[in-house]
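Visitor: Below: one structure in structure tokens.
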Amino acid sequence: MNLKSEIDYFSELRLIDKARLLNLFLHELAEEARGTYGPGADQVHDGAHLRFTNELVHRLTRVIEQLMAEDAARPADDVLMRMLLSPRADKVAERLVFNAYRRAIQGFESFDTTVLMG
């Protein structure tokens, strides 16, 4: 994965499409995180990576809200993408993110016109 090209791609998206892509990424990340626990509430076998996922979800849901509100105080696109896609010392966490991001990008379509009903 080429980090610069991912930053460039994300930077060219409209705000709503950035929010949509991040939302899709979070959906895929939650899917990845399912591997950290078993079927029972007391069957967490990888608490560190479950917590990592939760912290990432916490940060990104705030960014999505900032995108939707057109908040100028939101993190810059390159900062956000580096936070997600830069190599990590923790290779399991890196794999969780990369797998989720790869599936999100593959399933993402940027539309010229997005219609919001409401």
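The sequence shown maps to residues 1237 to 1354 in our numbering. All C-beta atoms, glycine included, are put in the ideal place defined by N, C-alpha and C. Predicted model, so just to flag it, every value in this text is computed and none were measured.
(1) Counting C-beta neighbours from all protein chains within 10 Å, is the total for A1325 16 or more, i.e. buried, or is it exposed?
(2) Can you name, in chain order, every residue of its own chain whose Cβ lies under 7 Å from the Cβ of R1202, other than the five neighbours on each side?
(3) Any idea if V1315 is buried or exposed, counting beta-carbon neighbours within 10 angstroms, 16 or more meaning buried?
(4) Less than 7 Å between C-beta atoms, sequence neighbours within five positions excluded: which residues of the same chain meet that for L1303?
(5) Within a Cβ cutoff of 7 Å, which residues of the same chain sit near Y1273, ignoring the five residues on either side of it in sequence?
(6) Where do the N-terminal and C-terminal ends of the alpha helix (DSSP H) with V1280 fall, by residue?
(7) Can you check the segment 1315-1346 for any alpha helix (DSSP H) of at least 4 residues that lies completely inside it and give the ranges in chain order?
(8) Between V1293, E1345, T1289, which has its C-alpha nearest L1332's C-alpha?
(9) Is the beta carbon of I1300 less than 8 Å from the beta carbon of L1260?
(10) Give the straight-line distance between the Cα atoms of M1353 and A1308, rounded to the nearest whole angstrom.
Guide: Per the coordinate set shown:
(1) Classification for A1325: exposed.
(2) Because the chain is modelled from 1237 through 1354, residue 1202 falls outside the range shown and cannot be assessed.
(3) Burial state of V1315 is exposed, judged by a 10 Å Cβ sphere holding fewer than 16 other Cβ atoms.
(4) Here the set comprises L1251, K1254, A1255, R1310.
(5) Only residues of its own chain outside the window of five on either side were considered, and among them Q1279, V1280, H1281, L1286 have a CB closer than 7 Å to the CB of Y1273, listed in chain order.
(6) No alpha helix (DSSP H) contains V1280, which DSSP labels as neither H nor E.
(7) DSSP runs (the alpha helix (DSSP H)) wholly in the segment 1315-1346: 1327-1343.
(8) For the residues V1293, E1345, T1289, the minimum Cα distance to L1332 belongs to T1289.
(9) Result no, Cβ atoms of I1300 and L1260 do not sit closer than 8 Å.
(10) In this prediction, M1353 scores a pLDDT of 47, lower than 50, which makes its location untrustworthy; no coordinate-derived value is stated.
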